[in-house]
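Chemist:
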Amino acid sequence: MPALELKEVYAGYGEFRVLHGVTIEVGKGEIVALVGPNGAGKTTTLRTIMGMTTLYSGDILLNGNSIRRLPTHKRVELGLTMVPEGRRLFNHLTVYENLVAGALTRKAKEKLSDSLEFVFTLFPRLKERRNQLAGTLSGGEAQMLAIGRALMSRPSILLLDEPSLGLAPKLVIAIFDTVRRLRDEAGVTMLLVEQHVKHSLEIADRGYVMELGKIVLRGEARSLLTDERLRRAYLII
């Protein structure tokens, strides 16, 4: 049984339809990459999973149970958490205060100390900056904080929206390495939206390619990396 499943999902914003029959499966402990050009519907897919769009038809299953009628906060309580594009930190709060703010559920609050230790072990730089205002962090540190804040809710499934956006090449590699470690060392299940097609497929187990709100290609990540259609479209070398 998939940990997360979208079944023939049609969704959008009000009357504006973006997703057209999207079907995606994410297995427990997997990294699944969702790639495609700007405007393909990747972010809308993540927002739909979190209950932040209009779902016209289809279903969203978490561990086999439909969550389509649940509000966003209930989905978070069930273990879904999203790291949004652009980080959206509380810039006027410290690193520590941002992390504490991520412990939204009762379960997360009970495990606050353990979660802080886990995040600081994963991102030692955040421990060094714990009393620094989030708005003064570098781009790479801000992305670490965005991921760390999401992990404070102790998610079973993490949705990542363009985590490498705006980062220097060395930091991009570091962020992808962190994503890999979360799977390999902590067993976190992830759906990763990225424009860095090659990097994301190199760390993913499986992948989906989206264009104009539809899934046009799917398969094992290694197979997609060698797919000529994908290589031509995204200039993968």
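Residue numbers for the sequence shown follow our numbering, beginning at -13 and rising by one. The beta-carbon is built from N, C-alpha and C at its ideal position, and this holds for glycine as well.
Considering only DSSP beta bridges, list what residue -1 is partnered with.
Modeler: 2
Chemist: Residue 162 to residue 98, Cα distance in whole Å?
Modeler: Whole-angstrom Cα-Cα distance: 25 Å.
Chemist: If you reduce the DSSP assignment to three classes, tell me which class residue 186 lands in.
Modeler: helix
Chemist: How long is the line joining the alpha carbons of residue 12 and residue 66, rounded to whole angstroms?
Modeler: Going by the C-alpha atoms only, they are around 13 Å apart.
Chemist: Let me know if residue 147 comes out buried or exposed under the rule of 16 or more other beta-carbons within 10 Å of its beta-carbon.
Modeler: So residue 147 counts as buried.
Chemist: Tell me which same chain residues have a C-beta within less than 7 Å of the C-beta of residue 39, skipping the five on either side of it?
Modeler: Excluding sequence neighbours, residue 39 sits near -3, -2, -1, 30 and 33.
Chemist: Output the boundary residues of the alpha helix (DSSP H) element that contains residue 168.
Modeler: 155 to 172
Chemist: In angstroms with no decimal places, state the Cα-to-Cα distance between residue 120 and residue 80.
Modeler: 5 Å
Chemist: Across which residues does DSSP place residue 19 in a beta bridge pair?
Modeler: 178 and 193
Chemist: Using the beta-carbon count (16 or more within 10 Å), is residue 180 buried or exposed?
Modeler: buried
Chemist: Determine the burial state of residue 109: buried for a count of at least 16 other Cβ atoms within 10 Å of its Cβ, exposed for fewer.
Modeler: Residue 109 comes out buried.
Chemist: From 53, 183, 104 and 18, pick the residue whose C-alpha is nearest to that of residue 144; which is it?
Modeler: Check the Cα spacing between residue 144 and each of 53, 183, 104 and 18: the tightest is with 18.
Chemist: Which residue spans inside the stretch 51 to 107 form an unbroken alpha helix (DSSP H) run of at least 4?
Modeler: 58 to 63, 81 to 87 and 92 to 96
Chemist: Skipping 5 residues on each side, what residues in its chain have a beta carbon closer than 7 Å to that of residue 88?
Modeler: The residues are 135, 136, 138 and 139.
Chemist: Cβ atoms of residue 50 and residue -6: under 8 Å apart, would you say?
Modeler: no
Chemist: Excluding sequence positions up to five away, which residues of its chain have a Cβ less than 6 Å from the Cβ of residue 82?
Modeler: 116
Chemist: If I follow the unbroken beta strand (DSSP E) through residue 146, where does it start and stop?
Modeler: 143 to 147
Chemist: Counting only the same chain and skipping the five closest in sequence on each side, list residues whose C-beta sits under 7 Å from that of residue 111.
Modeler: 127 and 130
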